[in-house]
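Read the structure below first, then the notes.
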Amino acid sequence: MILVNNISVYFGGQELFDEVSFMVNQGDRIGLVGKNGAGKSTLLKILAGEHRPNTGDLATPNKISIGYLQQDLDFEEGRTVMEEAETAFADLKILEKNIAEVNVQMAERTDYESENYLELISEFNELDEQFQLLGGYAVASQIGQVLLGLGFLQEDFDRPTHEFSGGWRMRLELAKILLQKPDVLLLDEPTNHLDIESIMWLESWLKQYPGAVVLVSHDRVFLDTVTNRTIELLLGKAHDYKASYSKYVELRKERQEKQEQAKRNQDKHIQHTKELINKFRYKKNKAAFAQTLIKKLDKLERIGVDQDDLSSMHFRFPPAPHSGKVTIKARDISKSYGNLEVLKGIDLEMQRGEKIAFVGKNGEGKTTLAKILVGELDHLGTVEHGHLVSVGYYAQNQSDLMDENKTVLKTIEDAANEHTFKRVRDILGSFLFSGDTVEKKIKVLSGGERARVALCKMLLQPVNMLVMDEPTNHLDMMSREILKKALAGFDGSLIIVSHDRDFLQGLTDKVYNFREKGIKEHFGDINAFLAQHKLDGFKELELGAEKQKAKKAKAPSVNKAAYQERKQKDKDFKKAKNRLNRLEKEVEELENNLKDLDAKLADPVQFKELSKEKGFFEEYEKKRAQLDILMKDWEVTQEKVDAYI
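The sequence shown maps to residues 100 to 744 in this note's numbering.
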């Protein structure tokens, strides 16, 4: 369907693609993967015809239709949700208009037996037949199915589009593209603005789609469910695997291992050949043989090993300052926006060290409650923070809140305090900003780079409570894993709003499900929650139901057991970490003490004086032995801490 032939792309002298080639076939479900900045969005723009490569070309059939969902869109005003969705059927609308015009002409005429009237009837029948063949009479049903599946309610259909947030309008753009049913779907981060329920509906829809799909996503579960082929963009090259994401990871590892083994064998062969050449090249009766070996070596095609882009951000959240047992207590929280009531009578209490996930449909109040808990929104009811609780908040649009005209360096310097200001460049380096990149202005950064700057700001001041709203949006796979590991190792309290199932797995010990202005507590992580609700609430949503059915399965008792197990694990982790900190202090003190003694022993005069002290050397050796014991104890404790993380 689309042939990409040796395309190369350069930006400002930097090579993005180097002679990349592949083909998009009917029925392909291709996941484009790679680090932030690898060129995934650029490649989609090239496939959509919105960007031209510097060299190489694309071959596409003339009649092929392409639907392209990009990350940044300009929205039109003045239509309702239904009217906007109907624009996906432009050809049918023209047909419908022509049918209406012919209908008017037929109604106005009375010459029923004339040739002109019979021609009108014939034209009407042809237009109507064409309208039926194109599914014109099922348009309203199709629109309803897609809009409901993507999370809109029936009463939203007649609302003006300007009343909806940018995320909901992106859903509407996605709905229009799906309704057009093009030959090729190009989707750039389609799950960024979807909740878990809508993502599951989209997965089901795409699996049944007859055309080709090329998508960029950092949602591992979504990729595994939808795709049957993975194209990895790495250091300017494209590596094509006929497999979904998880299988691609395995195949890629196997491929590299085989390449490394083949290269080792070839290197041995080359070394052996060179030894033979050196042995025989100066012997008269073996010189011809040596020349033959030299020619063979020159013609030998060297085996290469696929390179990895090993650059990755690396960080840990600072140790959480000590706080009281209760982190936060919220009572009878309610919030309305005009006549729209979002939350009603919410009660929530969080203990020190708990990790909680907020999940549910968009618009159910997850972000609203997060903002209320950190003091960003007025509300009814009370919120009390515990003793010495300090809060760090990552907003869903955190990267959009930054001054676009500031540089990366200036942004972080302005957010730093007197203790962290001197370390700003080191901290930026851990988030892959170094050299000239720190002088880039925020407005020229990609979505992933902006997200890294926003995360970097969070490290500038230690906190003991983190509230993070969709922190994985725009982050690549590796960055998500690093963030997840950092959050798992964070020894404070955590509230995280996310639709990323893979990211949430094993990260939290409680899930709060937001539904119908309230919340419901579930013990365990996202897997336990989905096991209970996937076949209940989510399936009802696909059918357009607005309320949960009366029958609800009780949470299996294993959830509570898992929660208790997790709590014990957290307790053991904190105990091990505290012991590790004590050991580090003891080791540091003993090392400094021994360092001072070694310096004195190196001085002949002081050595002579110390030698006269009774039991000095016995005490010295005792301290050496004690240091060895402490170091072994430290290693064992460090392994325990790493195992918990």
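Even for Gly, the Cβ is constructed at its ideal location relative to N, Cα and C.
For residue i versus residue j, is the C-beta distance shorter than 8 Å?
i: residue 226; j: residue 245; result: no
i: residue 115; j: residue 154; result: no
i: residue 575; j: residue 144; result: no
i: residue 179; j: residue 268; result: no
i: residue 137; j: residue 333; result: yes
i: residue 689; j: residue 719; result: no
i: residue 472; j: residue 423; result: no
i: residue 278; j: residue 187; result: yes
i: residue 152; j: residue 203; result: no
i: residue 598; j: residue 294; result: yes
i: residue 402; j: residue 358; result: yes
i: residue 128; j: residue 312; result: yes
i: residue 541; j: residue 552; result: yes
i: residue 590; j: residue 419; result: yes
i: residue 431; j: residue 491; result: no
i: residue 478; j: residue 509; result: no
i: residue 335; j: residue 117; result: yes
Would you please state the rounded distance, in angstroms, between the beta carbons of residue i and residue j? I believe it to be under 8 Å.
i: residue 272; j: residue 168; result: 6 Å
i: residue 102; j: residue 285; result: Between residue 285 and residue 102 the Cβ distance is about 15 Å, and since that is not below 8 Å, they are no contact.
i: residue 567; j: residue 489; result: Wrong, their Cβ atoms sit about 15 Å apart, outside the cutoff.
i: residue 515; j: residue 559; result: 5 Å
i: residue 266; j: residue 292; result: 4 Å
i: residue 500; j: residue 468; result: Rounded, the Cβ-Cβ distance is 19 Å, inconsistent with contact.
i: residue 592; j: residue 451; result: 6 Å
i: residue 261; j: residue 176; result: 5 Å
i: residue 495; j: residue 569; result: 5 Å
i: residue 754; j: residue 445; result: The shown model of the chain, from 100 to 744, leaves out residue 754, and the question about it has no answer.
Just to confirm my understanding: we take residue i, look at its own chain, exclude 5 residues before and 5 after, and list those with CB closer than 8 Å. What are they?
i: residue 104; result: 120, 155, 156, 157 and 158
i: residue 206; result: none
i: residue 585; result: 414, 415 and 416
i: residue 369; result: 396 and 399
i: residue 344; result: 130, 132, 319, 322, 323, 326 and 329
i: residue 160; result: 100
i: residue 653; result: Unreliable placement is indicated for residue 653, whose pLDDT of 42 sits below 50; the coordinate value is still reported in the next sentence. So the list is empty, once near-sequence residues are dropped.
i: residue 607; result: 454, 455, 456, 593, 595, 624 and 625
i: residue 634; result: With a pLDDT of 40 at residue 634, under the threshold of 50, the predicted position of this residue should be treated as unreliable, though the coordinate-derived value follows. Correct list: empty, nothing qualifies.
i: residue 476; result: 434, 467 and 470
i: residue 427; result: 447, 448, 449, 472, 482, 483, 484, 485, 488, 564 and 592
i: residue 493; result: 553, 554, 557, 565, 566, 567, 568 and 570
For residue i, which residues does DSSP report across the bridge?
i: residue 429; result: 447 and 482
i: residue 592; result: 564
i: residue 614; result: 617
i: residue 107; result: 154
i: residue 114; result: 109
i: residue 459; result: 613
i: residue 439; result: 436
i: residue 333; result: 336
i: residue 491; result: 565
i: residue 719; result: Looking at the DSSP assignment, residue 719 forms no beta bridge with any residue, so it has no partner.
i: residue 540; result: 506
i: residue 287; result: 315
i: residue 131; result: 315 and 330
i: residue 167; result: 285
i: residue 301; result: The partner list for residue 301 (beta bridge, DSSP) is empty, contrary to what the question assumes.
i: residue 102; result: 122 and 158
Who are the Cβ neighbours of residue i in its own chain at under 6 Å, not counting the five residues just before and after it?
i: residue 281; result: 164, 165 and 166
i: residue 429; result: 447 and 482
i: residue 678; result: 736
i: residue 538; result: 506
i: residue 715; result: 709
i: residue 573; result: 546, 547 and 550
i: residue 341; result: 328
i: residue 706; result: 700
i: residue 655; result: Low confidence applies here, because residue 655 scores a pLDDT of 45, under 50, leaving its location unreliable; read the following figure in that light. Here the set comprises nothing.
Excluding the 5 residues preceding and the 5 following residue i in the sequence, name in chain order all residues of the same chain whose CB lies nearer than 7 Å to its CB.
i: residue 287; result: 140, 143, 168, 169, 170 and 315
i: residue 274; result: 184, 245, 246 and 249
i: residue 222; result: 201
i: residue 682; result: 729, 732, 733 and 736
i: residue 235; result: 191, 194 and 195
i: residue 739; result: 675
Any beta-carbon of chain C closer than 8 Å to the one on residue i?
i: residue 267; result: The structure shown contains no chain C, having only a single protein chain.
| Is it true that the stretch 289 to 305 meets the stretch 240 to 260, where meeting means three or more beta-carbon pairs spaced less than 8 Å apart? | yes
| message | I want to know whether the stretch 619 to 628 touches the stretch 438 to 458 - three or more CB-CB distances under 8 Å. | response | yes
| At least three beta-carbon pairs within less than 8 Å, the stretch 458 to 473 to the stretch 382 to 396 | Taking 8 Å as the limit for Cβ pairs, the verdict is that the stretch 382 to 396 does not touch the stretch 458 to 473.
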